[in-house]
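Here the sequence shown is numbered in the numbering used here, starting from 81 and rising by one per residue. Backbone N, C-alpha and C fix where the C-beta goes; we use that ideal spot for every residue, glycine too.
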Amino acid sequence: MSDHITELVALAKGGSAEAFGELYELYYKDMYCYACCVTGSDILAQDAVSDAVLSAFKQIGSLKNPKAFKGWIFTILCAACKRYYTENEKKKSMVYLDDEEGGFEEPASYDSLELSVELRRALDSLSREEREIVLLSVLHGYKSHEIAEMLEISPSTVRSKLKRSLAKLQNQLGGNT
Numbered sequence: 081m082s083d084h085i086t087e088l089v090a091l092a093k094g095g096s097a098e099a100f101g102e103l104y105e106l107y108y109k110d111m112y113c114y115a116c117c118v119t120g121s122d123i124l125a126q127d128a129v130s131d132a133v134l135s136a137f138k139q140i141g142s143l144k145n146p147k148a149f150k151g152w153i154f155t156i157l158c159a160a161c162k163r164y165y166t167e168n169e170k171k172k173s174m175v176y177l178d179d180e181e182g183g184f185e186e187p188a189s190y191d192s193l194e195l196s197v198e199l200r201r202a203l204d205s206l207s208r209e210e211r212e213i214v215l216l217s218v219l220h221g222y223k224s225h226e227i228a229e230m231l232e233i234s235p236s237t238v239r240s241k242l243k244r245s246l247a248k249l250q251n252q253l254g255g256n257t
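Pasting the structure below:
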């Protein structure tokens with residue numbers, strides 16, 4: 081982590097909304113991309129990122145290690161994404177009496193991401209947890225122990241799920257690469 085980011089975190093911890101805004105600018109694309117992939121929806125991703133950022137802003141004073149900011153905010157984002165994903169799954173199974181078609185309109189998934197149709201389908205075939213592990217590892221470069229901490233599972237579980245998930249993706253995409 082650069083000295084500039086560490087300085088911004090220190091300022092944000094001291095109450096600077098401007099410094100926190102700069103930190104947000106540095107990480108919002110990664111956060112949004114991750115949230116889109118986990119929730120499968122632009123709308124849910126926006127809501128999850130908004131909730132995570134608001135929560136992080138309120139809790140920044142509790143961050144003990146400024147160098148851990150990125151992992152800390154992604155941990156908050158992971159929790160928000162899980163909450164929105166779970167709520168959305170419940171809504172999908174509900175039937176609304178005033179809805180003429182009798183169902184929940186599912187939001188478009190991954191709309192703003194530049195992913196191929198095949199990759200989108202392959203990611204959709206993974207469970208939510210598998211998708212999170214793959215995205216945190218491959219897309220964001222987190223190590224298994226960091227992912228384990230975020231998802232509250234063991235590092236060995238992360239490694240085995242990552243290996244199996246990548247094999248599933250490779251099989252889905254028909255590649256031997």
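Residue nearest to Glu-102 within the set Thr-119, Cys-113 and His-84 is His-84 (criterion: CA-CA distance). Residue range 208–214 is occupied by the alpha helix (DSSP H) that includes Ile-213.
Contact between the stretch 198–218 and the stretch 141–151 is absent: fewer than 3 CB-CB pairs across the two stretches fall below 8 Å. The beta carbons of Lys-241 and Glu-198 sit no closer together than 8 Å.
Counted as a single uninterrupted DSSP element, the alpha helix (DSSP H) harbouring Val-238 occupies residues 235–253.
Closest by C-alpha distance to Gly-254, out of Glu-229, Ala-202, Tyr-222 and Glu-226, is Ala-202. Taking every protein chain shown into account, the CB of Val-118 has 16 or more other CB atoms within 10 angstroms, so this residue is buried.
Judged by DSSP in its simplified three-state form, Lys-144 adopts coil rather than helix or strand. By the neighbour-count criterion, in which 16 or more other beta carbons inside 10 Å mark a residue as buried, Glu-167 falls on the exposed side. DSSP places His-84 inside the alpha helix (DSSP H), whose first and last residues are 83–93.
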